[in-house]
Amino acid sequence: MDYIRIINDETCEITEKKSRFIAYISYVTNEKDALHFVSQIKKKHYDARHNVYAYILNSGGKKYSDDGEPSKTAGYPILEMLENEGVTDVVCVVTRYFGGILLGTGGLIRAYTKAAKECLIKAGVKKMILCDVIKLTFDYALINKTEHMLKTENIIVQDKTFLENVTLNVISPKHKTDLLQKNIQNEFGTAVKFEKTKEIYN
């Protein structure tokens, strides 16, 4: 359920035997956005010999295009590299300006993979963990004790509301939620109301 995504959209360029390979990488969450990104790069580099791409979505969709390069020498190795790195919700386009020297099948695979990999490294990645957002409601007298427990358990407090009672919205990694609920019940009984409100990635 957890997944890895890129942190920043990035671009980088390498040169292999006078051919320029310009890589672009972007965070996307659906096919429409992925294909829109590809079309934007194609418009920008309308004069390039090839604009190859690959994308992988966390929802399960993936696609690649060699865009006129020999089969599985361009888009496919980019897709393979992204899969090997475990990254999803990502699209990568590599534009090639031909330098007049043929690279051969192995040379193309290496060049496209290298350009995409360097771009991925530049973008950086982070692990997204499926979490529960939990609403805790309690009397003002318990605020210090409750916040101390949350700090001890490394639970993030998203926001606080002070009305008749104190309400804390906290973010708990899904695998820690049951234990957190048990610890709160053991410590406070029914004095702290525990309510799961939604799931988010954090």
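The numbering of the sequence shown is the working numbering, which starts it at -18 and goes up by one. Quick reminder that beta carbons are idealized off the backbone N, C-alpha and C, glycines included.
Between residue 137 and residue 97, the C-beta gap is not smaller than 7 Å, which leaves the two residues out of contact. Under the DSSP assignment, residue 46 falls in the beta strand (DSSP E) whose first and last residues are 43 to 46. The residue among 66, 142 and 90 with its C-alpha nearest the C-alpha of residue 75 is 90.
In this chain, the beta strand (DSSP E) harbouring residue 31 covers 31 to 37.
The C-alpha of residue 69 is placed about 25 Å away from the C-alpha of residue 25. According to DSSP, residue 153 shares a beta bridge with 113. Distance between residue 168 and residue 181, taken at the CA atoms: about 27 Å. Spanning the alpha carbons of residue 88 and residue 2 requires a straight line of approximately 12 Å. Minimum Cα-Cα distance from residue -15 among the listed residues 32, 31 and 105 corresponds to 105.
Taking a cut-off of 8 Å on C-beta distances, the segment 146 to 156 touches the segment 107 to 121, as three or more cross pairs fall below it.
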